[in-house]
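Numbering (our numbering), first residue to last: 41 to 669.
Ideal Cβ placement from N, Cα and C applies to all residues, glycine included.
In this text, all values refer to a predicted model and were calculated from it rather than measured experimentally.
Below: the structure, in structure tokens.
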């Protein structure tokens, strides 16, 4: 929200000054710490005016101007300066700085009373919350959690990072509390009484969640519900170097492509897309299938969009990837399909694997399984084919299901198999280079075997190329995911668990991870355990992304963003939380990338929406240059 006050500010601040008792004009100026400056002089209301942005958010024209003028006129009747403290009784417009701030470190002390409710707006945006932490939690208002203490970013969406403080740090009523707030870009750190309560969380733009936080804006002191006193307001500007990069990820939009959560349509699953170049611009090409039970999927369908995902054709069956009746009465289906554009042959290669069903359910006694593919060219689908691999290590199963792959300069395709010789042994992963002529895919070279002896071993491998190296991420069943790197795509570094940059491993639960590459950085999209989802199945909501440190192969914690949020209560009502464990990222244009996912609720009618997250980049992604055929 743009806060436009023009000359009205100075006019009504002058009015405020005339109402300040003369004795207060002689109070000692507050002394800021080294490197800081005071933004409240401890004597009068100079530099401040009154504004409640919520009261004018929907007003326009003369009504808006009249409301703004009235708030300024009323400011000094609700706020006063007393003993070097800025005081409000819990009514009236918010105290708002005339100055606007960007990246800052902000020190402020406050003292409040029972049942008061206040906060600090940064860049004109709510807010670092101040609660009466003695209030009892009301289950009828589950998003209001005063018992968790002050300092959280209350206007972030529920269950988003930073919304609730990490610890309770409030002092008893009658004592002064001290905030230290650091904000750089959209990242916010909050210390309350020297305890870290928000650790680098993204502060959302309450006024327009499709956009990032404004670059600059005023500090506002909110008040309602009871008296609050403020003192020692000091700011240190954090300069941004001329060549310092801006935050790479801008806004992230959640788009519902097809509704199924409300029961109005089928629950679509496994949505994975690629971009097909064209003379009139790129076409988005998506494969998907319905889900009606655990690992029970309908025939593979496809649909397209020629306006960057705003409208789509109706899903149509892929003739080659339907069900095939077996002699014993079972049916062989296809699932986990990933379509990829192959520029050298101008085809889409849709690669998944076979799966067997007994009646209306997944057959728990699966026969041997292997990769299955079909090729789309010029609007027509080719036949169903098997990717052959005559290696005893894959006698029972070998698959690239759900896996990202890399098209090499000569048209060969680098992908990875999860493979096992029989049902009893944990699976390993090996990368393979395949020859593809536009019709037939054939293995020509096999890389190192990467073993793992926990659970079913290593599953659903995904590959990426970034710069002159290749990267491999691996699903596992020991509360970890794993990562390797390679110079040639065949010989890999020893696998290491996904960890934060400080060495703390991420806690995962047998769920895939995938790559998202921007020309400036490589990202991982993943799920993990978090305080908000402890009772959600395999912690498969929300979806996160974070930047990969290419030297250490660790995730930079400060870059983590939520791609698609958890909807519902993952602690007290997890059965109503839709899980999102089968997702796929793609680059769409230099300005945006997507993550697509079919959510579903296994214990609530198998219902869910087909979702697309638009990730808007603040700098062009040169890896997604719009090419023509």
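query	result
Residues sharing a beta bridge with residue 278, DSSP	DSSP output for residue 278 lists no bridge partner at all.
Proximity of residue 36 and residue 260 at Cβ, strictly below 9 Å	Because the chain spans 41 through 669 in this model, residue 36 falls outside it and cannot be assessed.
Status (buried if at least 16 other CB within 10 Å, exposed otherwise) for residue 376	buried
Distance between residue 490 and residue 217 (C-alpha atoms, nearest Å)	54 Å
Coil, strand or helix - residue 647 by DSSP	strand
Buried versus exposed call for residue 649 [16 or more other C-beta atoms within 10 Å across all chains shown]	buried
Reduced DSSP secondary structure (H/G/I, E/B, other) of residue 537	strand
Contact belief for residue 651 with residue 295 at Cβ below 8 Å, rounded distance in angstroms	7 Å
The region 313-320 in contact with the region 615-622 per 3-pair CB rule at 8 Å	no
Pair within 9 Å by beta-carbon distance, residue 256 and residue 140	yes
Terminal residues of the beta strand (DSSP E) in which residue 371 lies	371-382
CB of residue 129 within 9 Å of CB of residue 266, strictly	yes
At least three beta-carbon pairs within less than 8 Å, the region 432-439 to the region 460-475	yes
Cβ-based neighbour list, residue 253, same chain, cut-off 7 Å, excluding 5 preceding and 5 following	163, 165, 226, 243 and 245
Nearest-angstrom Cβ-Cβ length linking residue 657 and residue 361, presumed shorter than 8 Å	In fact, because the Cβ distance is near 33 Å, the residues do not count as touching under 8 Å.
Helix, strand or coil at residue 615 according to DSSP, with G and I counted as helix	helix
Any 3 or more C-beta pairs closer than 8 Å across the region 380-394 and the region 478-492	yes
Within the region 219-307, ranges of the beta strand (DSSP E) (whole runs, at least 3 residues)	227-232, 235-242, 260-264, 268-277 and 289-298
N-terminal and C-terminal residue of the alpha helix (DSSP H) that residue 116 is part of	101-118
Cβ neighbour criterion (16 or more within 10 Å) applied to residue 626	buried
Residue range of the unbroken beta strand (DSSP E) whose run includes residue 411	411-417
Every unbroken beta strand (DSSP E) within the region 460-505, with a cutoff of 3 residues, ordered by chain	468-476 and 481-490
Assigned secondary structure, residue 434 (DSSP; H/G/I helix, E/B strand, else coil)	helix
Cβ neighbour criterion (16 or more within 10 Å) applied to residue 430	exposed
Cβ distance (whole Å) where residue 468 is taken to contact residue 492 below 8 Å	7 Å
Residue range of the alpha helix (DSSP H) that includes residue 95	93-96
Integer Cβ distance of residue 392 from residue 378, believed to fall under 8 Å	7 Å
Range of the contiguous beta strand (DSSP E) that encloses residue 604	601-604
Residues near residue 94 in its chain [Cβ-Cβ closer than 6 Å; skip 5 each side]	none
Euclidean distance between Cα positions of residue 555 and residue 457	17 Å
Beta-carbon gap between residue 474 and residue 427 smaller than 9 Å	yes
Best match in 71, 368, 277 and 207 for proximity to residue 231 [C-alpha to C-alpha]	207
Residue 128, enclosing beta strand (DSSP E) - first and last residue	125-128
First through last residue of the beta strand (DSSP E) which encompasses residue 332	323-333
Beta-bridge pairing of residue 561 - partner residues as DSSP gives them	558
Spatial distance of residue 247 from residue 653 (CA atoms)	19 Å
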